[in-house]
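Novice: Numbering (our numbering), first residue to last: 1477 to 1850.
All residues carry an ideal CB built from backbone N, CA and C; glycine is no exception.
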(Lines of atoms letter the chains of each structure in order from A and count residues from 1; the text may use other names and numbers.)
(Lines give C-alpha, C1' and ligand atoms only; values in the text may rest on other atoms or scores of the structure.)
Protein backbone atom coordinates (compact mmCIF):
# COMPACT_ATOMS: atom_id res chain seq x y z
CA UNK A 1 0.00 0.00 0.00
CA UNK A 2 1.24 3.47 -0.95
CA UNK A 3 -0.89 6.14 0.71
CA UNK A 4 -0.97 9.49 -1.10
CA UNK A 5 -4.04 11.07 0.52
CA UNK A 6 -2.48 12.80 3.52
CA UNK A 7 -4.34 16.04 2.73
CA UNK A 8 -7.60 14.25 3.58
CA UNK A 9 -6.45 12.23 6.59
CA UNK A 10 -3.09 11.27 8.04
CA UNK A 11 -3.27 7.48 7.90
CA UNK A 12 0.30 6.92 9.12
CA UNK A 13 1.01 8.41 12.54
CA UNK A 14 3.75 8.27 15.17
CA UNK A 15 3.56 5.09 17.23
CA UNK A 16 3.00 7.18 20.36
CA UNK A 17 -0.35 8.33 18.98
CA UNK A 18 -1.72 4.79 18.82
CA UNK A 19 -0.47 4.00 22.33
CA UNK A 20 -1.93 7.18 23.79
CA UNK A 21 -5.39 6.44 22.41
CA UNK A 22 -5.34 2.94 23.88
CA UNK A 23 -4.13 4.14 27.30
CA UNK A 24 -6.82 6.79 27.41
CA UNK A 25 -9.52 4.25 26.63
CA UNK A 26 -8.30 2.02 29.44
CA UNK A 27 -7.47 4.58 32.13
CA UNK A 28 -9.18 7.95 31.58
CA UNK A 29 -12.69 9.20 32.26
CA UNK A 30 -13.84 12.79 31.51
CA UNK A 31 -12.25 16.06 32.68
CA UNK A 32 -14.31 18.14 35.08
CA UNK A 33 -16.61 15.22 35.87
CA UNK A 34 -15.21 14.11 39.21
CA UNK A 35 -12.15 14.34 41.43
CA UNK A 36 -11.17 10.67 41.16
CA UNK A 37 -8.03 9.40 39.47
CA UNK A 38 -9.50 8.55 36.02
CA UNK A 39 -11.12 12.00 35.78
CA UNK A 40 -7.96 13.78 36.94
CA UNK A 41 -5.81 11.83 34.46
CA UNK A 42 -8.17 12.98 31.71
CA UNK A 43 -8.03 16.59 32.92
CA UNK A 44 -4.22 16.54 32.97
CA UNK A 45 -4.04 15.10 29.45
CA UNK A 46 -6.54 17.59 28.03
CA UNK A 47 -4.71 20.53 29.59
CA UNK A 48 -1.35 19.20 28.38
CA UNK A 49 -2.71 19.12 24.83
CA UNK A 50 -3.97 22.71 25.14
CA UNK A 51 -0.57 23.80 26.43
CA UNK A 52 1.37 22.03 23.64
CA UNK A 53 -0.90 23.55 21.00
CA UNK A 54 -0.53 27.01 22.56
CA UNK A 55 3.26 26.65 22.40
CA UNK A 56 3.23 25.40 18.80
CA UNK A 57 1.04 28.25 17.56
CA UNK A 58 2.38 30.97 19.90
CA UNK A 59 -0.92 31.42 21.71
CA UNK A 60 -0.43 33.20 25.01
CA UNK A 61 -3.21 31.46 26.95
CA UNK A 62 -3.86 27.68 26.73
CA UNK A 63 -7.43 28.38 27.87
CA UNK A 64 -8.06 30.00 24.49
CA UNK A 65 -7.28 26.71 22.73
CA UNK A 66 -10.70 25.14 22.15
CA UNK A 67 -11.25 21.47 21.31
CA UNK A 68 -13.63 20.78 18.42
CA UNK A 69 -14.72 17.74 16.43
CA UNK A 70 -12.84 18.85 13.32
CA UNK A 71 -11.91 21.99 11.36
CA UNK A 72 -15.47 22.37 10.05
CA UNK A 73 -16.77 22.59 13.62
CA UNK A 74 -14.04 25.11 14.46
CA UNK A 75 -14.77 27.24 11.39
CA UNK A 76 -18.49 27.26 12.13
CA UNK A 77 -17.76 28.50 15.65
CA UNK A 78 -15.59 31.31 14.30
CA UNK A 79 -17.84 32.31 11.40
CA UNK A 80 -21.04 32.27 13.44
CA UNK A 81 -19.36 34.37 16.11
CA UNK A 82 -18.59 37.10 13.57
CA UNK A 83 -21.26 36.85 10.89
CA UNK A 84 -24.65 38.48 10.74
CA UNK A 85 -27.18 38.21 7.92
CA UNK A 86 -26.00 40.13 4.86
CA UNK A 87 -22.58 40.78 6.42
CA UNK A 88 -19.96 41.58 3.75
CA UNK A 89 -17.24 38.93 4.09
CA UNK A 90 -14.01 38.65 2.08
CA UNK A 91 -12.71 35.18 1.28
CA UNK A 92 -9.96 33.89 -0.98
CA UNK A 93 -10.75 32.16 -4.24
CA UNK A 94 -9.53 28.83 -2.84
CA UNK A 95 -11.82 28.23 0.14
CA UNK A 96 -13.28 24.89 1.18
CA UNK A 97 -17.00 24.18 1.61
CA UNK A 98 -16.35 24.31 5.37
CA UNK A 99 -16.06 28.08 4.84
CA UNK A 100 -18.44 28.77 1.98
CA UNK A 101 -21.42 26.72 3.16
CA UNK A 102 -21.69 28.39 6.60
CA UNK A 103 -21.42 31.79 4.90
CA UNK A 104 -24.19 30.91 2.46
CA UNK A 105 -26.32 29.59 5.33
CA UNK A 106 -25.85 32.92 7.13
CA UNK A 107 -26.78 34.78 3.90
CA UNK A 108 -23.48 36.66 3.98
CA UNK A 109 -22.46 38.97 1.17
CA UNK A 110 -19.46 37.01 -0.10
CA UNK A 111 -16.61 38.90 -1.80
CA UNK A 112 -14.14 36.55 -3.47
CA UNK A 113 -10.58 37.92 -3.52
CA UNK A 114 -7.92 36.40 -5.78
CA UNK A 115 -8.69 33.73 -8.36
CA UNK A 116 -5.27 33.15 -9.94
CA UNK A 117 -3.47 29.99 -8.86
CA UNK A 118 0.07 30.39 -7.45
CA UNK A 119 -0.14 34.18 -7.86
CA UNK A 120 0.29 35.86 -4.46
CA UNK A 121 0.38 39.35 -5.98
CA UNK A 122 -3.05 38.82 -7.50
CA UNK A 123 -4.34 37.47 -4.19
CA UNK A 124 -3.00 40.45 -2.23
CA UNK A 125 -4.25 43.02 -4.72
CA UNK A 126 -7.71 41.49 -4.61
CA UNK A 127 -7.81 41.47 -0.79
CA UNK A 128 -6.65 45.08 -0.78
CA UNK A 129 -9.57 46.04 -3.03
CA UNK A 130 -12.23 43.99 -1.24
CA UNK A 131 -11.45 44.58 2.45
CA UNK A 132 -12.84 48.13 2.87
CA UNK A 133 -16.24 47.87 4.54
CA UNK A 134 -16.01 44.12 5.22
CA UNK A 135 -17.23 42.76 8.54
CA UNK A 136 -14.53 40.07 8.58
CA UNK A 137 -12.34 37.97 6.26
CA UNK A 138 -11.67 34.25 5.95
CA UNK A 139 -8.57 32.87 4.30
CA UNK A 140 -7.16 29.39 3.91
CA UNK A 141 -3.43 29.22 4.57
CA UNK A 142 -2.94 26.48 1.95
CA UNK A 143 -5.32 25.28 -0.77
CA UNK A 144 -6.40 21.72 -0.07
CA UNK A 145 -6.72 21.06 -3.81
CA UNK A 146 -3.54 22.56 -5.24
CA UNK A 147 -1.20 23.08 -2.29
CA UNK A 148 -1.01 26.82 -3.07
CA UNK A 149 0.54 28.54 -0.04
CA UNK A 150 -1.31 31.83 0.16
CA UNK A 151 0.51 34.99 1.38
CA UNK A 152 -1.12 34.70 4.79
CA UNK A 153 1.14 37.07 6.74
CA UNK A 154 0.61 39.82 4.18
CA UNK A 155 -3.15 39.22 4.12
CA UNK A 156 -3.20 39.36 7.92
CA UNK A 157 -1.34 42.68 7.81
CA UNK A 158 -3.90 44.07 5.34
CA UNK A 159 -6.71 42.96 7.65
CA UNK A 160 -5.07 44.57 10.67
CA UNK A 161 -4.63 47.87 8.84
CA UNK A 162 -8.25 47.78 7.67
CA UNK A 163 -9.54 46.84 11.12
CA UNK A 164 -11.12 43.66 9.71
CA UNK A 165 -11.04 40.50 11.90
CA UNK A 166 -9.43 37.53 10.17
CA UNK A 167 -10.38 33.86 10.41
CA UNK A 168 -7.62 31.52 9.21
CA UNK A 169 -8.43 28.04 7.93
CA UNK A 170 -5.23 26.18 8.77
CA UNK A 171 -6.51 22.76 7.73
CA UNK A 172 -3.62 22.12 5.33
CA UNK A 173 -1.06 24.26 7.17
CA UNK A 174 -1.16 23.19 10.81
CA UNK A 175 1.79 20.91 11.47
CA UNK A 176 3.47 21.89 8.18
CA UNK A 177 3.88 25.68 8.17
CA UNK A 178 5.04 27.95 10.97
CA UNK A 179 1.87 29.67 12.24
CA UNK A 180 2.25 32.40 14.85
CA UNK A 181 -0.97 33.78 16.32
CA UNK A 182 0.84 36.72 17.90
CA UNK A 183 2.36 37.81 14.59
CA UNK A 184 -0.76 37.17 12.53
CA UNK A 185 -3.08 39.01 14.88
CA UNK A 186 -5.92 36.82 13.60
CA UNK A 187 -9.21 36.63 15.47
CA UNK A 188 -9.44 32.85 15.00
CA UNK A 189 -7.25 30.01 13.75
CA UNK A 190 -9.12 26.79 12.91
CA UNK A 191 -7.65 23.37 12.16
CA UNK A 192 -8.32 19.62 12.23
CA UNK A 193 -6.35 17.28 14.43
CA UNK A 194 -6.24 14.41 11.93
CA UNK A 195 -4.17 15.94 9.12
CA UNK A 196 -0.81 17.65 9.64
CA UNK A 197 -1.05 17.38 13.43
CA UNK A 198 -1.15 13.57 13.02
CA UNK A 199 -3.90 12.98 15.58
CA UNK A 200 -7.01 10.79 15.34
CA UNK A 201 -10.12 11.64 13.36
CA UNK A 202 -12.78 13.45 15.35
CA UNK A 203 -10.37 16.03 16.76
CA UNK A 204 -9.85 19.69 15.94
CA UNK A 205 -8.77 23.00 17.45
CA UNK A 206 -9.97 26.58 17.39
CA UNK A 207 -7.55 29.21 18.68
CA UNK A 208 -9.55 32.18 19.90
CA UNK A 209 -8.02 35.62 20.10
CA UNK A 210 -11.42 37.13 19.35
CA UNK A 211 -14.68 36.78 21.27
CA UNK A 212 -16.59 33.66 20.35
CA UNK A 213 -20.20 32.65 20.85
CA UNK A 214 -21.21 29.08 21.70
CA UNK A 215 -22.43 26.85 18.91
CA UNK A 216 -23.57 24.06 21.26
CA UNK A 217 -25.13 24.38 24.70
CA UNK A 218 -25.00 21.84 27.50
CA UNK A 219 -22.87 20.45 30.29
CA UNK A 220 -19.43 21.92 30.74
CA UNK A 221 -18.27 20.40 34.02
CA UNK A 222 -18.31 23.84 35.65
CA UNK A 223 -20.87 26.45 36.79
CA UNK A 224 -23.59 23.79 36.81
CA UNK A 225 -26.18 26.06 38.48
CA UNK A 226 -26.15 28.41 35.48
CA UNK A 227 -28.65 27.93 32.67
CA UNK A 228 -26.34 29.80 30.34
CA UNK A 229 -22.93 28.64 29.20
CA UNK A 230 -20.07 29.78 31.47
CA UNK A 231 -18.40 33.03 30.45
CA UNK A 232 -14.87 31.69 30.78
CA UNK A 233 -12.98 29.93 28.04
CA UNK A 234 -12.64 27.11 27.21
CA UNK A 235 -15.87 26.03 28.99
CA UNK A 236 -18.03 28.53 27.10
CA UNK A 237 -17.36 26.71 23.80
CA UNK A 238 -16.91 23.09 24.90
CA UNK A 239 -20.35 21.70 25.71
CA UNK A 240 -20.64 17.99 26.42
CA UNK A 241 -18.15 15.19 26.92
CA UNK A 242 -14.67 15.64 25.47
CA UNK A 243 -13.16 13.19 23.03
CA UNK A 244 -10.49 12.32 25.59
CA UNK A 245 -9.11 9.37 23.63
CA UNK A 246 -8.77 11.52 20.53
CA UNK A 247 -7.21 14.38 22.48
CA UNK A 248 -4.69 12.00 24.05
CA UNK A 249 -3.65 10.90 20.57
CA UNK A 250 -3.59 14.49 19.32
CA UNK A 251 -1.28 15.44 22.18
CA UNK A 252 1.28 12.93 20.97
CA UNK A 253 0.84 14.06 17.36
CA UNK A 254 1.56 17.65 18.34
CA UNK A 255 4.56 16.57 20.39
CA UNK A 256 5.95 14.76 17.34
CA UNK A 257 5.46 17.85 15.17
CA UNK A 258 7.23 20.04 17.73
CA UNK A 259 10.17 17.62 18.03
CA UNK A 260 10.65 17.19 14.29
CA UNK A 261 9.83 20.80 13.48
CA UNK A 262 7.44 22.22 10.91
CA UNK A 263 10.37 23.44 8.84
CA UNK A 264 11.78 19.95 8.42
CA UNK A 265 8.32 18.48 7.72
CA UNK A 266 7.69 21.10 5.02
CA UNK A 267 11.12 20.44 3.46
CA UNK A 268 10.39 16.71 3.34
CA UNK A 269 6.96 17.14 1.75
CA UNK A 270 8.22 19.71 -0.76
CA UNK A 271 11.07 17.34 -1.61
CA UNK A 272 8.50 14.64 -2.37
CA UNK A 273 6.59 17.16 -4.50
CA UNK A 274 9.69 18.07 -6.52
CA UNK A 275 10.55 14.43 -7.15
CA UNK A 276 6.99 13.60 -8.12
CA UNK A 277 6.89 16.51 -10.54
CA UNK A 278 10.18 15.39 -12.12
CA UNK A 279 8.88 11.86 -12.64
CA UNK A 280 5.55 12.97 -14.13
CA UNK A 281 6.70 16.00 -16.12
CA UNK A 282 6.49 14.22 -19.50
CA UNK A 283 3.51 12.03 -18.60
CA UNK A 284 0.29 12.52 -20.61
CA UNK A 285 -1.36 14.75 -18.01
CA UNK A 286 -1.48 18.35 -16.84
CA UNK A 287 0.33 19.08 -13.58
CA UNK A 288 -0.75 22.05 -11.45
CA UNK A 289 2.50 23.41 -10.06
CA UNK A 290 3.85 26.76 -8.94
CA UNK A 291 7.12 28.20 -7.73
CA UNK A 292 8.69 25.87 -5.13
CA UNK A 293 8.12 28.27 -2.23
CA UNK A 294 4.43 28.64 -3.12
CA UNK A 295 3.42 24.97 -2.96
CA UNK A 296 3.17 22.47 -0.12
CA UNK A 297 3.27 18.68 -0.50
CA UNK A 298 0.11 18.52 -2.63
CA UNK A 299 0.01 17.93 -6.40
CA UNK A 300 -3.16 17.98 -8.49
CA UNK A 301 -3.23 16.66 -12.04
CA UNK A 302 -5.69 15.81 -14.79
CA UNK A 303 -5.72 14.13 -18.17
CA UNK A 304 -7.89 15.30 -21.06
CA UNK A 305 -8.62 11.71 -22.08
CA UNK A 306 -8.81 9.88 -18.74
CA UNK A 307 -11.27 11.08 -16.13
CA UNK A 308 -9.80 11.48 -12.67
CA UNK A 309 -12.24 9.12 -10.93
CA UNK A 310 -11.33 6.25 -13.28
CA UNK A 311 -7.65 6.98 -12.81
CA UNK A 312 -7.98 6.91 -9.02
CA UNK A 313 -9.83 3.59 -9.23
CA UNK A 314 -7.06 2.08 -11.36
CA UNK A 315 -4.44 3.27 -8.92
CA UNK A 316 -6.37 1.86 -5.98
CA UNK A 317 -6.53 -1.55 -7.66
CA UNK A 318 -2.72 -1.49 -7.74
CA UNK A 319 -2.24 -0.35 -4.15
CA UNK A 320 -1.79 3.40 -4.67
CA UNK A 321 -4.36 5.43 -2.77
CA UNK A 322 -5.08 8.98 -3.92
CA UNK A 323 -8.19 11.15 -4.07
CA UNK A 324 -10.12 12.28 -7.15
CA UNK A 325 -12.92 14.78 -7.69
CA UNK A 326 -13.59 18.27 -6.37
CA UNK A 327 -12.18 17.65 -2.87
CA UNK A 328 -15.06 19.60 -1.22
CA UNK A 329 -13.69 22.83 -2.71
CA UNK A 330 -15.63 23.78 -5.86
CA UNK A 331 -14.61 27.43 -5.46
CA UNK A 332 -10.93 26.47 -5.79
CA UNK A 333 -11.68 24.43 -8.92
CA UNK A 334 -13.70 27.28 -10.36
CA UNK A 335 -10.72 29.58 -9.79
CA UNK A 336 -8.32 27.15 -11.47
CA UNK A 337 -10.62 26.17 -14.36
CA UNK A 338 -11.03 22.55 -13.25
CA UNK A 339 -14.63 22.63 -12.02
CA UNK A 340 -15.91 20.33 -14.78
CA UNK A 341 -13.06 17.83 -14.73
CA UNK A 342 -11.95 17.81 -11.10
CA UNK A 343 -8.43 16.60 -10.41
CA UNK A 344 -6.52 13.61 -9.15
CA UNK A 345 -4.74 14.80 -6.01
CA UNK A 346 -1.52 13.30 -4.67
CA UNK A 347 -0.63 14.49 -1.17
CA UNK A 348 2.44 13.52 0.80
CA UNK A 349 2.99 12.73 4.46
CA UNK A 350 6.05 13.24 6.68
CA UNK A 351 6.55 9.45 6.58
CA UNK A 352 6.44 8.92 2.81
CA UNK A 353 9.62 7.32 1.48
CA UNK A 354 11.26 8.24 -1.82
CA UNK A 355 11.10 4.62 -3.02
CA UNK A 356 7.34 4.52 -2.39
CA UNK A 357 6.80 7.74 -4.30
CA UNK A 358 8.86 6.59 -7.28
CA UNK A 359 6.95 3.30 -7.45
CA UNK A 360 3.63 5.17 -7.27
CA UNK A 361 4.68 7.44 -10.14
CA UNK A 362 5.63 4.44 -12.29
CA UNK A 363 2.22 2.89 -11.61
CA UNK A 364 0.47 6.16 -12.42
CA UNK A 365 2.31 6.47 -15.74
CA UNK A 366 1.40 2.85 -16.59
CA UNK A 367 -2.26 3.50 -15.79
CA UNK A 368 -2.33 6.58 -18.01
CA UNK A 369 -0.70 4.74 -20.92
CA UNK A 370 -3.10 1.79 -20.61
CA UNK A 371 -6.18 3.99 -20.63
CA UNK A 372 -4.92 6.07 -23.54
CA UNK A 373 -4.34 2.86 -25.60
CA UNK A 374 -7.79 1.48 -24.72
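#1: Distance, Cα to Cα, residue 1767 vs residue 1826?
#2: Would you mind giving the Cβ-Cβ distance between residue 1778 and residue 1761, rounded to the nearest angstrom? I have them listed as a contact below 8 Å.
#3: Which whole-angstrom value describes the C-beta separation of residue 1663 and residue 1641, a residue pair presumed to lie in contact below a C-beta threshold of 8 Å?
#4: If you compare alpha carbons, which of 1491, 1574, 1564, 1828 is closest to residue 1586?
#5: To the nearest angstrom, how far is the alpha carbon of residue 1784 from that of residue 1707?
#6: Determine the closest residue to residue 1506 out of 1491, 1523, 1490, 1574, with distance taken between C-alpha atoms.
#7: Quick check: residue 1817 and residue 1674, are their CB atoms within less than 8 Å of each other?
#8: In the DSSP assignment, what are the bridge partners of residue 1481?
#9: Taking residue 1555 as the reference, which of 1728, 1689, 1787, 1753 has the closest Cα?
#10: Among residues of its own chain, excluding the 5 on either side of residue 1654, which ones have a beta-carbon nearer than 8 Å to its beta-carbon?
#11: Could you give the residue range of the alpha helix (DSSP H) that holds residue 1895?
#12: For the structure I just gave you, are there three or more beta carbon pairs, one from the segment 1605-1623 and one from the segment 1567-1581, closer than 8 Å?
#13: Give the secondary structure of residue 1684 by DSSP, where H, G and I count as helix, E and B as strand, and everything else as coil.
#14: Give me the Cα-Cα distance between residue 1498 and residue 1721, rounded to the nearest whole angstrom.
#15: Quick one: what's got a C-beta closer than 8 Å to residue 1736's C-beta in the same chain, skipping five residues either side?
#16: Do you know offhand how far residue 1542's Cα is from residue 1692's?
#17: Please report the residue range of the alpha helix (DSSP H) in which residue 1585 lies.
#18: Mind checking which residues open and close the alpha helix (DSSP H) that includes residue 1625?
#19: First and last residue of the beta strand (DSSP E) that includes residue 1789?
#20: Please say whether residue 1829 and residue 1625 have beta carbons closer to each other than 8 Å?
#21: What is the rounded straight-line gap between the Cα of residue 1612 and the Cα of residue 1644?
#22: Considering only residues of the same chain and omitting the five flanking positions on each side of residue 1658, which have a CB-CB separation below 6 Å?
#23: Would you list the residues sitting across from residue 1797 in a DSSP beta bridge?
#24: For residue 1717, name the three-state secondary structure that DSSP assigns.
#25: Distance check for residue 1590 and residue 1606, CA to CA, integer angstroms please.
#26: Could you tell me the alpha carbon to alpha carbon distance between residue 1495 and residue 1710, rounded to whole angstroms?
#27: List, from N- to C-terminal side, the beta strand (DSSP E) runs of 3 residues or more that fit wholly inside the segment 1517-1590.
#28: Do residue 1480 and residue 1730 have their beta-carbon atoms positioned less than 8 Å apart in this structure?
#29: Spell out the partners DSSP gives residue 1761 in its beta bridges.
#30: If you draw a straight line from the C-alpha of residue 1489 to the C-alpha of residue 1609, how long is it?
Specialist: In brief:
#1: Counting from 1 along the chain shown, the entry for residue 1767 is found at position 291. Counting from 1 along the chain shown, the entry for residue 1826 is found at position 350. So the alpha carbons of these two residues sit roughly 21 Å apart.
#2: Here residue 1778 refers to the residue found at position 302 when the chain shown is read from its first residue. Here residue 1761 refers to the residue found at position 285 when the chain shown is read from its first residue. Contact holds; Cβ gap of about 6 Å.
#3: Working through the chain shown from its first residue, we reach residue 1663 at position 187. Working through the chain shown from its first residue, we reach residue 1641 at position 165. Yes, they are in contact, since the Cβ atoms of residue 1663 and residue 1641 sit about 4 Å apart, within 8 Å.
#4: Looking up residue 1586 in the chain shown gives position 110. For residue 1586, the nearest C-alpha among the options comes from 1564.
#5: Taking the chain shown and counting its residues from 1, one reaches residue 1784 at position 308. Taking the chain shown and counting its residues from 1, one reaches residue 1707 at position 231. Rounded to the nearest angstrom, the two C-alpha atoms are 49 Å apart.
#6: Here the question's residue 1506 lines up with position 30 in the chain shown. Per the Cα distances, 1523.
#7: As a working note, residue 1817 is residue 341 in the chain shown. As a working note, residue 1674 is residue 198 in the chain shown. For residue 1817 and residue 1674, no; Cβs fall outside 8 Å.
#8: For the purposes of this step, residue 1481 is identified with residue 5 of the chain shown, where counting begins at 1. Beta-bridge pairing links residue 1481 to 1823.
#9: As a working mapping, residue 1555 is identified with position 79 in the chain shown. Ranking the options by Cα distance to residue 1555, first place goes to 1689.
#10: Along the chain shown, one-based indexing puts residue 1654 at 178. Closer than 8 Å at Cβ, skipping near neighbours: 1738, 1739.
#11: Since the first residue shown for the chain is 1477 and the last is 1850, residue 1895 is missing from the structure and cannot be characterised.
#12: yes
#13: The count along the chain shown starts at 1 and reaches residue 1684 at position 208. If DSSP states are grouped into helix, strand and coil, residue 1684 belongs with the strands.
#14: Locating residue 1498 in the chain shown gives position 22, counting from the first residue. Locating residue 1721 in the chain shown gives position 245, counting from the first residue. Each residue's Cα considered, the two are about 7 Å apart.
#15: One-based indexing of the chain shown puts residue 1736 at position 260. Here the set comprises 1826.
#16: On the chain shown, position 66 is the one that residue 1542 refers to. On the chain shown, position 216 is the one that residue 1692 refers to. One C-alpha to the other measures close to 13 Å.
#17: As a first step, residue 1585 must be located in the chain shown, where it is residue number 109. Careful: residue 1585 lies outside any alpha helix (DSSP H), inside the beta strand (DSSP E) at 1585-1589.
#18: Position 149 of the chain shown, counted from the first residue, corresponds to residue 1625. Here residue 1625 belongs to no alpha helix (DSSP H), and DSSP marks it neither H nor E.
#19: Counting from 1 along the chain shown, the entry for residue 1789 is found at position 313. Per DSSP, residue 1789 belongs to no beta strand (DSSP E); it is in the alpha helix (DSSP H), 1784-1793.
#20: One-based indexing of the chain shown puts residue 1625 at position 149. One-based indexing of the chain shown puts residue 1829 at position 353. Contact flag unset, no.
#21: Here residue 1612 is taken as the residue at index 136 of the chain shown, counted from 1. Here residue 1644 is taken as the residue at index 168 of the chain shown, counted from 1. Distance between the alpha carbons of residue 1612 and residue 1644 is about 11 Å.
#22: Sequence index remark: in the chain shown, residue 1658 carries index 182 (1-based). If we look at residue 1658 and ignore the five residues flanking it on each side, its Cβ neighbours are 1534.
#23: The residue given as residue 1797 occupies position 321 in the chain shown. Its beta-bridge partners are 1479.
#24: For the purposes of this step, residue 1717 is taken as residue 241 along the chain shown, with counting starting at 1. Three-state DSSP puts residue 1717 in coil, outside helix and strand.
#25: Indexing the chain shown from 1 puts residue 1606 at position 130. Indexing the chain shown from 1 puts residue 1590 at position 114. Each residue's alpha carbon lies about 10 Å from the other.
#26: On the chain shown, residue 1495 is found 19 positions in, with the first residue counted as 1. On the chain shown, residue 1710 is found 234 positions in, with the first residue counted as 1. The alpha-carbon atoms of residue 1495 and residue 1710 are separated by roughly 27 Å.
#27: If we require 3 residues or more, the beta strand (DSSP E) runs fully inside the segment 1517-1590 come out as 1541-1544, 1564-1568, 1585-1589.
#28: Indexing the chain shown from 1 puts residue 1730 at position 254. Indexing the chain shown from 1 puts residue 1480 at position 4. No. Outside cutoff.
#29: Within the chain shown, the letter at position 285 stands for residue 1761. Answer is none; residue 1761 lacks a bridge partner.
#30: Translated into the one-based positions of the chain shown, residue 1489 becomes position 13. Translated into the one-based positions of the chain shown, residue 1609 becomes position 133. The straight-line gap from Cα to Cα measures roughly 44 Å.
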